[in-house]
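A short write-up of the structure that comes next.
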Amino acid sequence: MRIYFIVCTFMMSLLFPLHTVHATPSEENYRILFISSYSYSWGSIPHQIDGILNSLNAEQYTVNYEFMDTKNTKYSADYAEFYQFLKYKLNDRLPYDGVIVGDDAALQFMMLYKDELFPDTPIVFEGIDNIESAKKAAQAPYITGVIEKVNYEANIKLAHSLFPTAEKLVLISDNTENGIGITEQLKEANDLFGQYDVEHLNTSHYTKEQFIERLTQLNTNSIVFGISIGQQKDGLIYSEDERYTLVRKYAQAPFFSITQAGVGSGMLGGYIIDHQKCGFLAGEMMRSILENNIVPPIELDTPSTYLFDYKVMEKYNIASSKLPIDADIMNEPEHFLQKYALWIINILVLCLALATVAYFVRRKASEQLKIAYNQLVMTEADLKVQFESNKKHIEALKIQEKQIRFQATHDDLTNLPNRRATTAHLKTLLLERTPFTVLLVDLDNFKEINDTYGHFSGDMLLSILAKRFLTMAEENDHIYISRFGGDEFLIIINGHITPSDNRIRRVREAFVTPIIYDDSQYDIRVSIGIAHNTNADSVDSLLANADLALHEAKQTGKNKDVYYSPEMRTALRQTQEIKHILHTACEEDGFYLLFQPQIDVATEKVYCYEALLRLKNDALSPAQFIPIAEESELMITIGRIVATKAVEQLVSWREAGIALVPIALNFSPKQINDKDYATFLKQLLDKHHLQANLIEIEFTESILINNDEEATKLFQNFLAAGIQLALDDFGTGYSSIRYLTFIPVNKIKLDKSFVDIFLQDGKESFIENIIRLAHSLNKKIIVEGVEEEAQYLKLKHSNCDYIQGYYFSKPIRGDQVQH
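Quick note on numbering: the sequence shown equals residues -23 to -1, 1 to 796 in mature numbering (1 follows the signal peptide of the UniProt record, and there is no 0).
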């Protein structure tokens, strides 16, 4: 009857006009992450995902997936392993607009780590068996979802109708997250089981062999609900195939299921959770939050449906007529209409199609005859009107085509050629093999202007600069100027220019005159990377050369012109090789520390050691790899490695009976992005029962440039942890004196350059004045690079507090320390 109904419905749909509603996707594009407690192969998961995808417009939503696979993976109680795995993956992804979590373990994980991994991100859960956990989670803002509450009343009535003589009811669960949640639901449903002798069987208390023995003891006088069969004794996990193989092979009693998992693999079925509808509801809730900013209340009525396995029905002689009328049956043999439905439908469709085609052919012929007749009776005036209208339309199309072509090859803001047009122009020039020069121009302070005055002001500045460029191009036919990126312009000049070429001067003149806009004056500085076409055989290599030269200009002080040379590419390769060496060292314990003592001038005893990083298995000197490390993202990892090794050395000294003195750690400006560094360091010290004042953090004033707020917060975190601070390389920056008035350092380290320049006869007063200045601010002074006795004596005479250098000791290994 069901197939007959489908066929009839299909035939009727062909006889009536169809109206298609086209959805207009929002301009927004949302990124959603679905975290499942299980693997994709778990029976319910594909249905959950189908439901989510059916509710979310594919053109508007991008959905990614992560699977905890708790049925096959043994995690620690706080899921720390999955946290590390997911955190690592999220580092390389764009942020998500919403997160959907499936089942109890994923919700528990999310509530532990949402503030760190997904702050202020809407969260929707579904498939949650622990209803109290779901309700508690939904109390937080922007968290809601669908619970997974089993309808035991419907299942008990169903079981009784199919097996009226059964006397025993066995409820099988385990100690997994969903097993615990469902067990709580069972406590509320105890009143429904009154007619049965109820036995609760927890698989987490049985080995596999013990569980098999219990299964064989269950006869057809029993009804079994396989609620959660995932864990055996000692926390071992059953695979999905393994658990249902046990049911098929050893169970004589019928196994009812509350989820689709296992139906078709040995479970009879039952009134199961409709996971596809649950997923659909979760998706709808996420849409409501993101598109309408409305957080729906938690859904406490779980969608369910009747589902059975025909093969298991045959085993227990259950006729389809005994099942609810709306029940779905898996593995049911095909009837005639089911088997040949496609052929029947195709034949009917063909017949209807032929009849429809004949009808439309006749109607089309009639319409064409009418059109031909109307055309014959049109007056000459009508034809003239139509001709003039068509002429205007064609002219408008030509204008529109010209505008479209211009827009495709020019930047909307500046009307300069865009990147696409410029790339095509460069290809043509390379094919012509005529000499030319590429100038890649980047505004040095454009981000600062945007941040200070707003993006509208930034756009206006770009427009004004573009007008200056256009004037320059109009005066010289041999100059091509384009906007190549956000704040980058690309200029092509005929011939190979040199530093003395007037055309370079003319380019810079476009930026020399300050721009006055909206009562504000903007001083523009630019860095320029210059490359000749003789050094490149393709557009990509030519642009890469110019970009390398621009990078060199930026790295060496900005506001300058740098010409590309092959040595730059060699230097880039060397940099990449060193980065690879550093990456390997981070992963394979490839670093070690040396310690250079800092001597108390008054007592000539060691006051502190500075930790100096070295590579174990490579000939690279610190001067080669430290600058590259400080410019890379690896610096955060290296910073933590250094801290760990320094603390471990303190522990080793303590165990050897050596009196402990502080260790000074260098703190790179890049490490300011390690927001939890101070907490990490304090926890590391506490773990080994070490005082916080045994660690001193040395930083340079460059950490404060453009990072005042972050640096101030970092200093507060260090001080709150009891960790000391020192200002390194004092005097090498332009604003050291100003910083001394407010940064909370205990010690100031004078750069070695002061020793080389001023610690000479007749020049000592400069260093003496700095020492007095530091003492007036209640700060200690340490001078590094002291290599001679005369230098030491002069510093001692000047009341210097500490010295560091080869005069007392070169850097030594930790096991060489004896005091």
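Glycine residues also receive a C-beta, built at the ideal position from the N, C-alpha and C atoms.
Item                                                                                                                         : Value
Assumed close pair Gln601, Cys585 - CB separation to whole angstroms, cut-off 8 Å                                            : 27 Å between Cβ atoms; not a contact.
Glu761: first and last residue of the uninterrupted alpha helix (DSSP H) it sits in                                          : Careful: Glu761 lies outside any alpha helix (DSSP H), inside the beta strand (DSSP E) at 757 to 761.
Which of helix, strand or coil DSSP assigns to Met87                                                                         : helix
Neighbourhood of Asp464 by C-beta distance below 7 Å, restricted to the same chain and skipping five residues each side      : Asp419, Leu420, Phe423
Nearest neighbour of Ser497, chosen from Gly431, Ile468, Val101, Leu519 [CA to CA]                                           : Gly431
Proximity winner among Gln553, Ser542, Ile640, Asp577, relative to Leu590 (alpha-carbon distances)                           : Ile640
Secondary structure, beta strand (DSSP E): runs of 3+ residues fully inside the segment 239 to 315                           : 246 to 250, 281 to 286, 305 to 307
Beta-carbon proximity of Asn536 to Asn522, cut-off 8 Å                                                                       : no
Segment contact flag, the segment 232 to 246 with the segment 83 to 93, C-beta cutoff 8 Å, min 3 pairs                       : no
As assigned by DSSP and simplified to three states, the class of Lys75                                                       : Checking the displayed sequence, the identity of residue 75 turns out to be Gly instead of Lys. Gly75: strand per DSSP, three-state reduction.
At least 3 beta-carbon pairs within less than 8 Å: the segment 530 to 544 vs the segment 563 to 577                          : no
Which of helix, strand or coil DSSP assigns to Leu702                                                                        : strand
Cβ pair Leu671, Leu704 closer than 8 Å                                                                                       : no
C-alpha distance - Asn196 paired with Leu135, whole-angstrom precision                                                       : 19 Å
Backbone CA spacing between Phe337 and Ile324 [nearest angstrom]                                                             : 20 Å
Classification of Arg480 by the beta-carbon crowding that lies within 10 angstroms, buried from 16 upward                    : buried
Glu291, buried or exposed, once every other Cβ within 10 Å from all chains shown has been counted against 16                 : exposed
Under 8 Å between C-beta atoms of Arg220 and Ile235                                                                          : no
Residues near Asn132 in its chain [Cβ-Cβ closer than 8 Å; skip 5 each side]                                                  : Phe202, Phe233, Ile235, Gly247, Tyr248
Exposed unless 16 or more other CB atoms sit within 10 angstroms - verdict on Glu36                                          : exposed
Beta-carbon contacts of Thr399 that lie in its chain and below 6 Å, excluding the five residues immediately before and after : Ser459, Leu467
Leu139 vs Ile295 beta-carbon contact at 8 Å                                                                                  : yes
Minimum Cβ-Cβ distance from Val175 to chain C less than 8 Å                                                                  : Of the protein chains in the structure, only one exists, and it is not chain C.
7 Å Cβ shell around Leu71 - same chain, five flanking residues per side excluded                                             : Arg8
Cα-Cα separation between Ala(-1) and Asn179, rounded to whole angstroms                                                      : Any reading at Ala(-1) needs caution, since the residue's pLDDT is 35, under 50, leaving its predicted position unreliable; the model's value is listed next. Near 50 Å, if we compare the C-alpha coordinates of Asn179 and Ala(-1).
Residue interval of the beta strand (DSSP E) (run including Thr98)                                                           : Premise fails: Thr98 is in no beta strand (DSSP E) and is neither H nor E.
Every unbroken alpha helix (DSSP H) within the segment 5 to 81, with a cutoff of 4 residues, ordered by chain                : 22 to 32, 57 to 67
Neighbour-count burial assignment, Pro412, 16 or more Cβ in a 10 Å radius                                                    : exposed
Helix, strand or coil at Thr533 according to DSSP, with G and I counted as helix                                             : coil
Residue of Tyr15, Asn392, Asn755 minimising C-alpha distance to Phe461                                                       : Asn392
Between the CA atoms of Phe568 and Ile605 - distance to the nearest angstrom                                                 : 15 Å
Assumed close pair Ala143, Ile200 - CB separation to whole angstroms, cut-off 8 Å                                            : 5 Å
N- and C-terminal bounds of the alpha helix (DSSP H) containing Phe433                                                       : 432 to 452
Own chain partners of Arg191 with C-beta closer than 6 Å, once the 5 adjacent residues on each side are dropped              : none
Proximal residues to Gln253 (C-beta, below 8 Å), its chain only, five neighbours per side dropped                            : His24, Gln25, Asp27, Gly28, Asn31
Uninterrupted beta strand (DSSP E) stretches inside the segment 141 to 167 (no shorter than 3 residues)                      : 145 to 150
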